[in-house]
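**Student:** Sequence lines, in order, name chains A and B. At position 54 of the first sequence (counting the first as 1) the number is 54 in this note's numbering, and the numbers step up by one without a gap. At position 249 of the second sequence (counting the first as 1) the number is 1249 in this note's numbering, and the numbers step up by one without a gap. Glycine residues also receive a C-beta, built at the ideal position from the N, C-alpha and C atoms.
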Amino acid sequence: MTLDSTPLVGAAGLDLSLGGRRILAHVDVSIGPGEIITLIGPNGAGKSTLVRVLLGLVRPDHGKVVRRAGLRIGYLPQKFVIDAVLPLSVARLMTLTCRATRTEIEAALDETGVAHLVGAQVQTLSGGELQRVLLARALLSNPDLLVLDEPVQGVDFGGQAELYRLIGDIRDRRGCAILMVSHDLHLVMAQTDRVLCLNQHLCCAGTPAMVAKDPEYLRLFGPRAAEAFALYAHGPHGHDHVHTLSGEVAPVDHAHEGRLHDH
Amino acid sequence: MITRMKGACMITDFFIQDFFTRALIAGVGVALVAGPAGCFIVWRRMAYFGDTMAHSALLGVALGLLLGLDPILGVLAVSIVLALILAGMGANRTLASDTVLGILSHSALSLGMIALSLMQGIRLDLMVYLFGDLLSVGMTDIYLVLGGGGVSLALLMVLWRPLLAMTVHEELARAEGVNVALVRVGFMLLIAFLIAAAMKITGALLITSLLLIPAACARRFANGPEMMAALAALFGAAAVTGGLYGSLHFDTPTGPSIVLAALLLFLGSLLAGRRRSM
């Protein structure tokens, strides 16, 4: 990792409408070397679209994105389905966009704990195995920036925390920056340097503790915010109520604290 | 393919006097490229695209005859133009791409037929262009066929890795630096050259079968994309060889004989695949 502190990716004044619907409004983002940024927001908030704009896959209506010259990106997309008509082993998937020796492939798979799957066909992997293989694949090109769109989807609850821990370890070990999209704020908090809360515009941004206190965040993530407080223990006041999505105050069901709510 | 061409040049005067040997060289040469290229047609679900390109070849024949060129050159010109148009065509929001391709495919075929029928003073056997006439391949045809096949093979080798990457996940490939638009144009040009080369072998109506059937045969026996491509090349070569011998033996038209030989291989692969999975 270089000591250069200019952003890996910087974006300013992003506006984007698709099919007459506003997706992004005046969004500014900057990703510095080695930092973990988590993008949160409700469904339809434009999280994946913002990621795709930053990656250069979608051109914004206004605003610009500047990527550092020669930036190596490892990408773990939100949807990854391989048709059964294409025979593809894990080993071959690993070298999809870059060349690598067998040793390098096995080392990358080992780093994410799935070295034993090197000969398996991709279509036979479980959700959790696939995410770990895709993470290893993204690491293989030794990226400056890892972009992980919902990295724990299809992973069972116990495996989710483990996977987030692994992502944190990867940053510590490799020093690469990580941009991550997540629904599961209470799980990612411990591994995140900066949280961006998106709902078309950037509602709030900052350290997890700062964002968790932000009224905008509480308005968007009422019930989940309560869980995050429960785990994170940074509540500004004794939290015996939560805010529902419509902004009403509702009593906390303590029996459910710390579990995954399904909204 | 290059060495094959040189080989073909050197032994021309000695061996290729025989029409059957010429047919075999041209047919197997094309099949060896069509198999691997056809894998991408199968993986990327582009059968309709292949049909559209192939059917437009008839228009190319008309153009070639009109300009007094070899019909294969006319086919090549029309295929390249169509490939560039299709590559440049953005995704249509209101019509699915198979609908658009279906419209183009049959329009190109009809236009070609009408253009040929309107030509005065040219006597030609339409069947040859629709279903191929491999046994009439002359030395000029061999050079054209192997030249077109060689260009296709070279393009395929250059495009292989990025093309496979965008076949697996297009956005991932783009995000990690693959120039998707360029690779797509390259692949379409590859198919254009291949169709020009295959015109003599199976004719406009049956070319797509050389792309699809060998790849479909290979799927059951392959555990990786490269292996599937190699097997498809072998199955394609076997289908051409079997079809040619069948055509000679039973006195049947060569193009359809090759397609039926490929079908038999496919049915055989189904049975063998079932036994394997049991």
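Considering Val-1183 (chain B), what are the terminal residues of the beta strand (DSSP E) in which it resides?
**Tutor:** Your numbering for residue 1183 (chain B) matches position 183 in the second sequence. That residue, Val-1183 (chain B), is in no beta strand (DSSP E); its alpha helix (DSSP H) goes 1180-1202.
**Student:** Run through DSSP, which three-state label would Gly-13 (chain A) get?
**Tutor:** What you label residue 13 (chain A) is simply residue 13 of the first sequence in a count that begins at 1. In this structure, Gly-13 (chain A) counts as strand in the three-state DSSP scheme.
**Student:** Compare the C-beta of Leu-170 (chain A) with all C-beta atoms of chain B and state if any pair is closer than 8 Å.
**Tutor:** Numbered from 1 along the first sequence, position 170 holds the residue referred to as residue 170 (chain A). The question names Leu, but residue 170 (chain A) in the sequence shown is Ile. Cβ-Cβ to chain B under 8 Å: no for Ile-170 (chain A).
**Student:** What are the start and end residues of the beta strand (DSSP E) that includes Leu-202 (chain A)?
**Tutor:** Counted from its first residue, the first sequence places residue 202 (chain A) at position 202. It spans 201-206 - the beta strand (DSSP E) in which Leu-202 (chain A) sits, taken as one unbroken run.
**Student:** Is Ser-1107 (chain B) near the ligand MG, going by C-beta to nearest heavy atom under 7 Å?
**Tutor:** With respect to the ligand MG, the structure offers nothing, as it holds no ligand at all.
**Student:** Are Val-1033 (chain B) and Ser-1152 (chain B) closer than 8 Å when you measure CB to CB?
**Tutor:** Looking up residue 1033 (chain B) in the second sequence gives position 33. Looking up residue 1152 (chain B) in the second sequence gives position 152. Yes, Cβ-Cβ distance for Val-1033 (chain B) and Ser-1152 (chain B) is below 8 Å.
**Student:** Could you please tell me which residues of the segment 1034-1052 of chain B, in chain order, have their CB closer than 7 Å to any CB of chain A?
**Tutor:** Val-1042, Trp-1043
**Student:** Where does Leu-1124 (chain B) fall in DSSP's three states?
**Tutor:** Here residue 1124 (chain B) refers to the residue found at position 124 when the second sequence is read from its first residue. Here Leu-1124 (chain B) sits in coil by DSSP.
**Student:** Beta-carbon of Val-85 (chain A) versus every beta-carbon of chain B: anything under 8 Å?
**Tutor:** As a position in the first sequence, residue 85 (chain A) is number 85, starting the count at 1. Yes, because at least one Cβ of chain B sits closer than 8 Å to the Cβ of Val-85 (chain A).
**Student:** Using three-state DSSP, classify Met-1139 (chain B) as helix, strand or coil.
**Tutor:** For the purposes of this step, residue 1139 (chain B) is taken as residue 139 along the second sequence, with counting starting at 1. If DSSP states are grouped into helix, strand and coil, Met-1139 (chain B) belongs with the helices.
**Student:** Quick check on Met-1119 (chain B): buried or exposed, where buried means 16 or more other Cβ atoms within 10 Å of its Cβ?
**Tutor:** Taking the second sequence and counting its residues from 1, one reaches residue 1119 (chain B) at position 119. So Met-1119 (chain B) ends up on the exposed side.
**Student:** Going by beta-carbon coordinates alone, are Glu-1171 (chain B) and Pro-77 (chain A) separated by less than 8 Å?
**Tutor:** Numbered from its first residue, the second sequence carries residue 1171 (chain B) at position 171. Numbered from its first residue, the first sequence carries residue 77 (chain A) at position 77. For Glu-1171 (chain B) and Pro-77 (chain A), yes; Cβs fall inside 8 Å.
**Student:** If I'm right that Asn-1223 (chain B) touches Ser-89 (chain A) with Cβ under 8 Å, what's the distance once you round it to whole angstroms?
**Tutor:** Within the second sequence, numbered from 1, the residue matching residue 1223 (chain B) stands at position 223. Within the first sequence, numbered from 1, the residue matching residue 89 (chain A) stands at position 89. Indeed, because the Cβ distance is near 6 Å, the residues count as touching under 8 Å.
**Student:** Which of helix, strand or coil does DSSP assign to Gly-1150 (chain B)?
**Tutor:** In the second sequence, residue 1150 (chain B) corresponds to position 150, counting from 1. Correct three-state label for Gly-1150 (chain B): helix.
**Student:** Residue range of the alpha helix (DSSP H) that Arg-52 (chain A) falls in?
**Tutor:** As a first step, residue 52 (chain A) is located in the first sequence; it is residue number 52 there, counting from the start. Taken as a continuous stretch (DSSP letters only), the alpha helix (DSSP H) holding Arg-52 (chain A) covers 47-54.
**Student:** Quick check: what's the CA-CA separation for Asn-199 (chain A) versus Asp-61 (chain A)?
**Tutor:** The sequence position of residue 199 (chain A) within the first sequence is 199, counting from 1. The sequence position of residue 61 (chain A) within the first sequence is 61, counting from 1. Each residue's alpha carbon lies about 18 Å from the other.
**Student:** Determine, for Ala-1262 (chain B), whether the minimum Cβ-Cβ distance to residues of chain A falls below 8 Å.
**Tutor:** Your numbering for residue 1262 (chain B) matches position 262 in the second sequence. Answer no: the Cβ-Cβ gap between Ala-1262 (chain B) and chain A never drops below 8 Å.
**Student:** Could you give the C-beta distance for Leu-50 (chain A) and Leu-24 (chain A), rounded to a whole number, given that I count them as a contact under 8 Å?
**Tutor:** Indexing the first sequence from 1 puts residue 50 (chain A) at position 50. Indexing the first sequence from 1 puts residue 24 (chain A) at position 24. Contact holds; Cβ gap of about 6 Å.
**Student:** Within the chosen definition, does the segment 96-113 of chain A reach the segment 34-44 of chain A through at least 3 CB pairs nearer than 8 Å?
**Tutor:** no
**Student:** Quick one, which of B:Leu-1211, B:Leu-1126, B:Glu-1176, B:Thr-1254 has its alpha-carbon nearest Val-1061 (chain B)'s?
**Tutor:** One-based indexing of the second sequence puts residue 1061 (chain B) at position 61. Of the listed residues, the one whose Cα sits closest to Val-1061 (chain B) is B:Leu-1126.
**Student:** DSSP beta-bridge partners for Ala-177 (chain A)?
**Tutor:** For this step, residue 177 (chain A) is matched to residue 177 along the first sequence. Looking at the DSSP assignment, Ala-177 (chain A) forms a beta bridge with A:Leu-145.
**Student:** For Pro-251 (chain A), name the three-state secondary structure that DSSP assigns.
**Tutor:** Indexing the first sequence from 1 puts residue 251 (chain A) at position 251. Unreliable placement is indicated for Pro-251 (chain A), whose pLDDT of 45 sits below 50; no coordinate value is reported for it.
**Student:** According to the neighbour-count rule (16 or more other Cβ atoms, all chains shown, within 10 Å of its Cβ), is Arg-1174 (chain B) buried or exposed?
**Tutor:** Within the second sequence, residue 1174 (chain B) is the residue found at index 174, counting from 1. Buried is the call here.
**Student:** Indicate the three-state DSSP secondary structure (helix, strand or coil) for Ser-1257 (chain B) in the structure shown.
**Tutor:** As a working mapping, residue 1257 (chain B) is identified with position 257 in the second sequence. Ser-1257 (chain B) falls in the helix class under three-state DSSP.
**Student:** For Leu-220 (chain A), which residues in the same chain have their Cβ closer than 8 Å to its Cβ, ignoring the five residues on either side in sequence?
**Tutor:** One-based indexing of the first sequence puts residue 220 (chain A) at position 220. The residues are Gly-41, Pro-42, Cys-197, Asn-199, Cys-203, Leu-245.
**Student:** Go to Asp-28 (chain A), then tell me how far its beta strand (DSSP E) extends in each direction, as first and last residue.
**Tutor:** Position 28 of the first sequence, counted from the first residue, corresponds to residue 28 (chain A). Note, Asp-28 (chain A): beta strand (DSSP E), 21-31.
**Student:** Leu-1063 (chain B) by DSSP, collapsed to three states: which one?
**Tutor:** The sequence position of residue 1063 (chain B) within the second sequence is 63, counting from 1. If DSSP states are grouped into helix, strand and coil, Leu-1063 (chain B) belongs with the helices.
**Student:** Counting Cβ pairs, one atom from each stretch, are 3 or more of them under 8 Å apart for the segment 138-145 of chain A and the segment 174-194 of chain A?
**Tutor:** yes
**Student:** Does the structure place the segment 1021-1029 of chain B close enough to the segment 1037-1051 of chain B that three or more beta carbon pairs sit under 8 Å?
**Tutor:** no
**Student:** Counting only C-beta atoms, is Val-1279 (chain B) closer than 8 Å to chain A at any point?
**Tutor:** Outside the displayed span of chain B (1001 to 1278) sits residue 1279 (chain B), for which this structure offers no information.
**Student:** Within 10 angstroms of its Cβ, does Phe-1193 (chain B) collect 16 or more other Cβ (buried), or is it exposed?
**Tutor:** Counted from its first residue, the second sequence places residue 1193 (chain B) at position 193. Result: buried.
**Student:** Check the DSSP bridge columns for Gln-121 (chain A) and list the partner residues they point to.
**Tutor:** Walking along the first sequence from the start, residue 121 (chain A) turns up at place 121. A:Ser-89.
**Student:** Please name the residue or residues paired with His-62 (chain A) in a DSSP beta bridge.
**Tutor:** In the first sequence, counting from the first residue as 1, residue 62 (chain A) sits at position 62. Note: His-62 (chain A) sits in a beta bridge opposite A:Asp-15.
**Student:** Near Lys-47 (chain A), what residues of its chain come up, given a Cβ to Cβ distance below 7 Å and the 5 sequence neighbours on each side ignored?
**Tutor:** Residue mapping note: residue 47 (chain A) aligns to position 47 of the first sequence, counting from 1. Answer for Lys-47 (chain A): Leu-39, Gly-41, Val-181, Leu-198, listed in chain order.
**Student:** Looking at the unbroken beta strand (DSSP E) that takes in Leu-39 (chain A), where does it start and where does it end?
**Tutor:** In the first sequence, counting from the first residue as 1, residue 39 (chain A) sits at position 39. Leu-39 (chain A) -> beta strand (DSSP E) spans 36-40.
**Student:** Going straight from the alpha carbon of Ala-1218 (chain B) to that of Leu-1164 (chain B), what length do you get?
**Tutor:** Position 218 of the second sequence, counting from 1, holds the residue named residue 1218 (chain B). Position 164 of the second sequence, counting from 1, holds the residue named residue 1164 (chain B). Distance between the alpha carbons of Ala-1218 (chain B) and Leu-1164 (chain B): 17 Å.
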